Amino acid sequence: MASSFNSGGMRGGRGRKLKSEINVVPYIDVMLCLLIIFMVMPSSNNPSSIDLPHAEKSVRPPDAYIQVTLKPNGALSIGIAGKNADAPETEPNREALVRKLRTLHEDNPDYPVLIAGDKESKYDDVIQLISEAKKMGIARVGLATK
108 MASSFNSGGM RGGRGRKLKS EINVVPYIDV MLCLLIIFMV MPSSNNPSSI DLPHAEKSVR
168 PPDAYIQVTL KPNGALSIGI AGKNADAPET EPNREALVRK LRTLHEDNPD YPVLIAGDKE
228 SKYDDVIQLI SEAKKMGIAR VGLATK
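Counting with our numbering, you get residues 108 to 253 for the letters of the sequence shown.
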């Protein structure tokens, strides 16, 4: 009788333990596949590139217009370009430029305003100029392109 207690009551006389561990190899495989997928996906969408719309060339450019020029060093100039062109005047700051724009618009209310911003100039400066022109009631404000 003593030998039956040693076998643990199992057949064959050998005792077997229950296996209570989880096999993690399939989980590691799944995690590695997900890691590879998430590493490859960002390279396909490049968030740093901006796809801007292309501007069509206008059918007929205006004969005369008020041109505001923005340079990357912050220099601002304004003048009439086209038929009745005069030499553009360099303005020391934005307030002086806005005053000159108001004067030119009052003298020539039918002239559109073209803003020529260098590609190195700040986007915010260009938007602020467009906003100031719209506040004055100038209906036709555009951006000069090459």
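All C-beta atoms in this analysis are idealised placements derived from N, C-alpha and C, irrespective of residue type, glycine included.
These figures come from a predicted structure and were not determined experimentally.
Query	Result
How is the alpha helix (DSSP H) around S238 delimited, first residue to last?	230 to 242
Grab me the residues of P179's own chain with a C-beta within less than 7 Å of its C-beta, minus the 5 sequence neighbours each way, in chain order.	D225, E227, S228
Which same chain residues end up closer than 6 Å to P219 when comparing Cβ atoms and leaving out the 5 residues on each side of it in sequence?	P169, Y172, R247
Within a Cβ cutoff of 7 Å, which residues of the same chain sit near S156, ignoring the five residues on either side of it in sequence?	With a pLDDT of only 49 at S156, under the threshold of 50, the placement of this residue in the model should not be trusted, and no figure is reported.
Check each candidate in A194, G186, I129, L125 and name the one with the smallest Cα separation from L211.	G186
Of the choices N215, R123, Q235, whose alpha-carbon is the least far from that of N191?	N215
Nearest by alpha-carbon distance to L204: which of L221, D232, Q235, L183 is it?	L183
For the alpha helix (DSSP H) containing A203, list its first residue and its last residue.	201 to 214
For A251, verify whether its CB is less than 7 Å away from any heavy atom of the ligand NAD.	With respect to the ligand NAD, the structure offers nothing, as it holds no ligand at all.
If I follow the unbroken beta strand (DSSP E) through F248, where does it start and stop?	The residue asked about is misnamed: residue 248 is Val in this sequence, not Phe. Unbroken beta strand (DSSP E) run through V248: 248 to 250.
If you drop the 5 nearest sequence neighbours on each side, which residues of the same chain put their C-beta closer than 8 Å to that of K241?	V248
Report yes or no: is there a C-beta of chain C within less than 8 Å of the C-beta of A246?	Within the model displayed, chain C is absent; a lone protein chain is all it includes.
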